[in-house]
Amino acid sequence: MTGLDQVFVTLKHWLLGQLANILPNGLLPVVSVLLSIAAIIMVFASLFAIMTIMERKGLGRIQNRYGPNRVGPFGFLQPAADGIKALIKEDLVPRAADQVVHLLAPVMLVVPALLVYAVLPVGRNMVAIDFDAGLLFFFAVGAASELAVFMAGWSSRNKYALLGAMRAVAQMVSYEIPLILSTVSVVMLTGTLSPVKIVEAQAGHAGWLPDWFVFTPWGFAGFVLFMIAANAEANRSPFDLPEGESELVAGYFTEYSGFKFALFFLAEYLSLFAVSGLGITLFLGGWQAPFAALDFVPSWAWFFVKLLGLIVLFIWTRGTLPRLRVDQLMNFAWKFMLPLALINLLTAAVWHYMPPGMPRWLVGGALVVGPYLMLGRGLMAGKHISKRTYRYAE
Amino acid sequence: MTPLAAYLILSAFLFAIGLAGALTRRNAIIVLMGIELMLNAANLNFIAFWRFSDHPEALTGIMFVIFSIGVAAAEAAVGLALIIAIYRHYKTTNVDEVNSLKG
Amino acid sequence: MDWPFLIIAGFTIAAAAAAMTLRNLIHCALAVALAFVGLAAAYLQLNAQFVGFAQILVYVGAVAILIVFAALLTRGGEPSQVGIFSKTWLAGLGVALAVLGVLAWAIARSLVTQDQAPPTAEATVKQIGNALMTEYVLPLEVVGLLLTAALIGAVIIAMRDETPNPVVEDGRSKPKSSAKPTSVGGHE
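Residue numbers (the numbering used here), protein chains in the order written: chain A, 960 to 1353; chain L, 6 to 108; chain F, 17 to 204.
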């Protein structure tokens, strides 16, 4: 049982032990780091392939069509075909483009998307670096991708690319605030910024419910806010204005082709997995099993089951919701999500200082549902559908 | 050279580069970037002194830098807003041309 | 001196120098972001983990973005036609070199730098948090106030002086001069 749970950890230790005989001592830490990196890249890159085919087939089903079904059994080898196609396609760079920045942008986008996995605990004892300030690292590195998006859009010298980049950056900056605020409540209650310790704080069971933060009023509200903000950070529908094809061709990566285009896709999905992984770590108990009886299933398996669940949720959302308008997007972030995230901090504090029992649930629930209803009603009250007025640039 | 001296030299170089940029460039945004670089050079000094001090547990250097980063963020926001306001008024960000106080 | 420091120092100085000398404003902004990353690496090298991450979050994630937005809003995206250095560039360079000389002389003469490093200097998040909430709670509140004031001030300074546009019959506000409609629309 522990053998299967720790199989990857023991495998790595065994490999390192074997290599210690061959390699000089100084190289061992480097090899250890490289092994972790290789594992992360392999697992999440193949998850990228799995998700693309799941998404295309799932969206196909939602839209009442088949989706890819030619390559391999039921079309499941489509990602391989796509990869080969991206690799052998001609790499076009616009003549007016800023060559260096244009080349660096996709790389700059993929690197932070991979870096953030360093602090995600994907299983018991399975985290690349246990930073004391791991959560801060996650958001700091994630913030660096905004600059890469801007680089891509600006260097293409294309109005659609530039508009897409400006939209994407504005959107990512706006939704970063509810994203971070919704995690602050978890940090407040666990008293740590380390993802490993946050997962450990969610061990145990209260009655038949596991002690995950999502099963508390503030945790549930935080999780919903977090997932909405994560959806917007990943530029996915219904927040896909930066790459809305009916308006901006493909947004900031309009002028990219071939493998660089594939890199943009890879970065987008990698950061989606990363932010889902963070959501699991913060609210869904990380790698913990939901019931004590299911503890025999290895911890990493739980993490990936939860990750797949969230991915399905993302695909479902993408398939069902229509795209927002820019002003709706901004209003939603600043007038709705930001106040709710702030009130959620208060809810978490109240929850923390009230003794366990029914009154705590009632007060917590009221603090979540009340502001939600009031804000929702209040924001919709003055709205009447009318002719659009346009603002003009100077 | 001791590590502390090495970091101080690095910080001195950054400060000088920032100062040179702030004094020689025409564009107001680059002047602001030079000022940010100088602020960062000072921050590096604080961290270096904290790391090599006899009482690192006092955290004074760290605290100073945290507040300095906060103040620098506010400074950047206001500074860039001023530059945009100046650009609206004069249609230029060239600091040599914004000289209407000159007799 | 060890090689991580040399790499970080070389990278940071090169990025900073590029930021101050490149012609294109956006290139300058990207280079200064690289310099900020280099500084964050230096902080990490000095065991100041929290500050290093905060540096990336604030400078790369926010200040660099602000700078590129300001550059685009002031039409800095195109390379400038006139010279990039001001008329008094020689005096400015002289001052900067003099400052560098004085600083280097002071560091070389200083006795403080002769001290050897203590073996460990750690600043855990818990320590920082405790210090922020006890000893430094007043500065923290003041910074909060300052940031709020800066936020409001920046918005008010950068806000256009709103002269109500004459609304023409089809419900659209009249475009100013040779303006293009932007995608920033919405009912108001």
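Quick reminder that beta carbons are idealized off the backbone N, C-alpha and C, glycines included.
- Every alpha helix (DSSP H) of 4 residues or more that sits fully in the stretch 52–118 of chain F is shown, in chain order, as 65–71 and 80–89.
- The beta carbons of I1009 (chain A) and L1073 (chain A) sit no closer together than 8 Å.
- One thing to note: L42 (chain L) has its Cβ no nearer than 8 Å to the Cβ of G66 (chain L).
- When the alpha-carbon of W973 (chain A) is set against those of A:S1153, A:S991, A:I996 and A:F1250, the nearest one is in A:S991.
- Excluding the 5 residues flanking it on each side, M1147 (chain A) has same chain C-beta neighbours closer than 8 Å at L1304, A1307, A1308 and H1311, in chain order.
- Chain F places no beta carbon closer than 8 Å to that of V1145 (chain A), leaving this residue out of the contacts.
- Contact annotation for Q71 (chain F) against chain L: N45, N48, V70 and I74 [CB-CB distance below 9 Å, chain order].
- Within chain L, no residue has its beta carbon less than 9 Å from that of V76 (chain F); the closest one is some 12 Å off.
- Rounded to the nearest angstrom, the gap between the Cα atoms of A10 (chain L) and S102 (chain F) is 33 Å.
- Going by DSSP, D1286 (chain A) is part of the alpha helix (DSSP H) stretching over V1285 to N1290.
- Residues of the same chain with a CB within less than 8 Å of the CB of L1036 (chain A), apart from the 5 flanking positions on each side, are V1030 in chain order.
- Residue contact check for I67 (chain L) against chain F: a CB pair falls below 8 Å.
- Across the set F:I172, F:T140, F:I24 and F:I23, the C-alpha of F:I172 shows the shortest separation from the C-alpha of I88 (chain L).
- Scanning A:A1209, A:F1182 and A:V1183 for the CA closest to the CA of N1194 (chain A) turns up A:A1209.
- The C-alpha of I14 (chain L) lies about 46 Å from the C-alpha of M1186 (chain A).
- The DSSP-derived three-state label of L982 (chain A) is coil.
- By the rule that beta-carbons nearer than 8 Å mark a contact, N32 (chain L) touches chain F.
- Residues are counted here when their Cβ sits less than 7 Å from a Cβ of chain F; for the stretch 87–101 of chain L these are L87, I88, I89, A90, Y92, T98, V100 and D101, given in chain order.
- Under a criterion of Cβ atoms nearer than 8 Å, the residues of chain F adjacent to V1100 (chain A) are, in order, I72.
- Among the residues facing chain F, W1177 (chain A) is not included, as its CB has no counterpart in that chain under 8 Å away.
- Any Cβ of chain L closer than 8 Å to the Cβ of P20 (chain F) would place that residue at the interface, and such an atom is absent.
- Around the beta carbon of D18 (chain F), fewer than 16 other beta carbons lie within 10 angstroms, which makes this residue exposed.
- Within the DSSP secondary-structure output, G1082 (chain A) pairs in a beta bridge with A:M1085.
- D1170 (chain A) is positioned such that its CB atom lies closer than 8 Å to that of A1162 (chain A).
- In the DSSP secondary-structure assignment, L1168 (chain A) is bridged to A:A1165.
- For the stretch 57–68 of chain F, the set of residues with a beta-carbon nearer than 8 Å to any beta-carbon of chain A comprises Q65 and F66, in chain order.
- With a beta-carbon spacing of about 5 Å, V74 (chain F) and A78 (chain L) fall inside the 8 Å limit used to define contacts.
- A direct Cα-Cα distance of roughly 28 Å separates I168 (chain F) from W1113 (chain A).
- Here the C-alpha atom of L62 (chain F) lies approximately 27 Å from the C-alpha atom of M1085 (chain A).
- It is roughly 16 Å from the alpha-carbon of G1324 (chain A) to the alpha-carbon of S1141 (chain A).
- Beta-bridge analysis with DSSP links N32 (chain L) to L:N99.
- With fewer than 16 neighbouring CB atoms inside 10 Å of its own CB, M175 (chain F) falls in the exposed class.
- Proximity of A80 (chain F) to chain A, defined by a Cβ-Cβ separation below 8 Å, is satisfied.
- With a cutoff of 8 Å on beta-carbon distance, Y1211 (chain A) and A1111 (chain A) are scored as near each other.
- Identification of residues in the stretch 25–48 of chain F having a C-beta nearer than 7 Å to some C-beta of chain A yields I42 and L46, given in sequence order.
- D1057 (chain A) sits in coil when the DSSP states are folded into three classes, being neither helix nor strand.
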